[in-house]
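Trainee: Residue numbers (my numbering): 1067 to 1435. Positions of the beta carbon are idealized from the N, C-alpha and C atoms, including for glycine. Below: one structure in structure tokens.
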């Protein structure tokens, strides 16, 4: 699957942008502040119905407009095209459609490639709380093993029901006799989620040090899964029962994969706490490329990689290596401030951002990088 074209209308500093993407690598080159990040965000928004920069999609609506909209056309491996449209309006809220019909984001994932983003706004994945890394890993699981994509959702439903029951018990409107049934549900779905997360991180762990060294994170790098509970349903259920008094005091479930951590280490220390800004950026890039390598090795479709301002972190040799990796399969969009930062290759299409119709100019997005 690949993105054939993108059309962004009234989205931040983009207006009337219509762009075809190369099947392999498209490099968007333009000065800082011109709105290149907005273009990357538009592609992500069009495909997923979300922004990687803000939790409030109304932030995408430019001053003086009432809506923001992006259409993305996908060509799949059978020659079938699908059009995704994502829009948000001050008056009518948000819409997300495929071929003109409303579709759930989770369902849409089966008809588009996994989308991964490198951007300064995405550093939260490295230095933020564990919940961010858990959600990202679960997204990767869905791309790697589509049949197990529902593991996170099934556990989330069971956990929410158990927590709701705990609250009712606290309030004296339910009794403990109802807990074993939900303990069983949480144990079964939680053990499955733990197992698939462990399998995913084990695959990534084999690639992570190699990719880190190639991209310039000199030293010992690793990714490790630290589960918050057991992958054995009987052990998980027993742990829930042992902690029930504590759970009733807290008002929530304190044992399970919702306490998992995916730890990124550099030279034996947590990258999120002790890594420099540059090391954290390279750690994020390493994670995304390790995922891409694991997907390709497992016979899964390569993700669409959106790499915003990535070249400024790398020397000339590593820029060449990065683009060579990208050219091995899948589709990518790179942004850069200067054309000298982009390696010259026959399988890379370079576009001058200032020639894209509908871009308002640097003053429209002064904080863009």
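(1) Say whether the segment 1391-1407 touches the segment 1364-1383, bearing in mind that this needs 3 or more beta-carbon pairs closer than 8 Å, one atom from each stretch.
(2) Ignore the nearest five residues each way along the sequence and tell me which others in residue 1261's own chain have a CB closer than 7 Å to its CB.
(3) Give me, in chain order, the residues of the same chain whose beta-carbon lies closer than 8 Å to that of residue 1294; leave out the 5 immediate sequence neighbours on both sides.
(4) Helix, strand or coil for residue 1117? Go by DSSP, reduced to three states.
(5) With C-beta atoms as the reference, is residue 1094 less than 8 Å away from residue 1069?
(6) Hey, quick one: how far does the beta strand (DSSP E) through residue 1287 stretch, first residue to last?
(7) When you compare the segment 1127-1138 with the segment 1147-1160, are there three or more beta-carbon pairs, one atom per stretch, that lie closer than 8 Å?
(8) For residue 1247 and residue 1313, I'd like the C-alpha separation in whole angstroms.
(9) Please check the pair residue 1244 and residue 1224, which I expect to be a contact at CB under 8 Å, by giving their CB distance rounded to whole angstroms.
(10) Is the segment 1346-1358 close to the segment 1184-1201, with three or more CB pairs under 8 Å?
(11) Ends of the alpha helix (DSSP H) at residue 1156?
(12) Tell me whether residue 1129 sits in a helix, a strand or coil according to DSSP, three-state version.
(13) Enumerate in chain order the residues of its own chain whose CB-to-CB distance from residue 1180 is below 6 Å, with the five nearest sequence positions on each side excluded.
(14) Counting only the same chain and skipping the five closest in sequence on each side, list residues whose C-beta sits under 7 Å from that of residue 1305.
(15) Go ahead and label residue 1472 buried or exposed: buried means 16 or more other beta carbons lie within 10 angstroms of its beta carbon, across all protein chains shown.
(16) Would you mind working out which of 1107, 1113 and 1118 sits nearest residue 1202, comparing C-alpha positions?
(17) If you drop the 5 nearest sequence neighbours on each side, which residues of the same chain put their C-beta closer than 6 Å to that of residue 1430?
(18) Using the rule of at least 16 other Cβ atoms within 10 Å of the residue's Cβ for burial, across every protein chain shown, is residue 1076 buried or exposed?
(19) Just the Cα atoms here: how many angstroms apart are residue 1277 and residue 1214?
(20) What is the DSSP secondary structure of residue 1034, counted as helix, strand or coil?
(21) With respect to the alpha helix (DSSP H) encompassing residue 1021, which residues constitute its N-terminal and C-terminal limits?
(22) According to DSSP, which residues form a beta bridge with residue 1398?
(23) Enumerate, from N- to C-terminal direction, the unbroken beta strand (DSSP E) stretches of 3 or more residues contained entirely within the segment 1270-1337.
(24) Pick helix, strand or coil for residue 1376, following the three-state DSSP scheme.
(25) Compare the C-alpha of residue 1067 against each of 1123, 1148, 1137 and 1129 and name the closest.
(26) Closest to residue 1089 by C-alpha separation, out of 1106, 1140 and 1124, would be which residue?
(27) Using a 10 Å radius around the Cβ and a threshold of 16 neighbouring Cβ atoms, would you call residue 1212 buried or exposed?
(28) Between the alpha carbons of residue 1337 and residue 1331, how many angstroms are there, rounded?
(29) Expressed to the nearest angstrom, what Euclidean distance is found between the alpha-carbon atoms of residue 1303 and residue 1207?
Mentor: So, from the data block:
(1) yes
(2) 1297
(3) 1321, 1322, 1323, 1324, 1325, 1326 and 1327
(4) coil
(5) no
(6) 1287-1292
(7) yes
(8) 16 Å
(9) Not confirmed; about 13 Å, so no contact.
(10) yes
(11) Residue 1156 -> no alpha helix (DSSP H), and no H or E assigned at all.
(12) coil
(13) 1209 and 1369
(14) 1295, 1296 and 1321
(15) The question about residue 1472 has no answer here: the residues shown for the chain are numbered 1067 through 1435.
(16) 1118
(17) Since pLDDT at residue 1430 reaches only 41, below the 50 mark, its modelled position is unreliable, and the value read off the structure follows with that caveat. Around residue 1430: 1079.
(18) buried
(19) 26 Å
(20) One cannot answer for residue 1034 here, as it falls past the ends of the chain, which runs 1067 to 1435.
(21) It is not possible to answer for residue 1021, since the shown part of the chain is limited to 1067 through 1435.
(22) 1091 and 1371
(23) 1287-1292 and 1327-1332
(24) coil
(25) 1148
(26) 1140
(27) exposed
(28) 5 Å
(29) 24 Å
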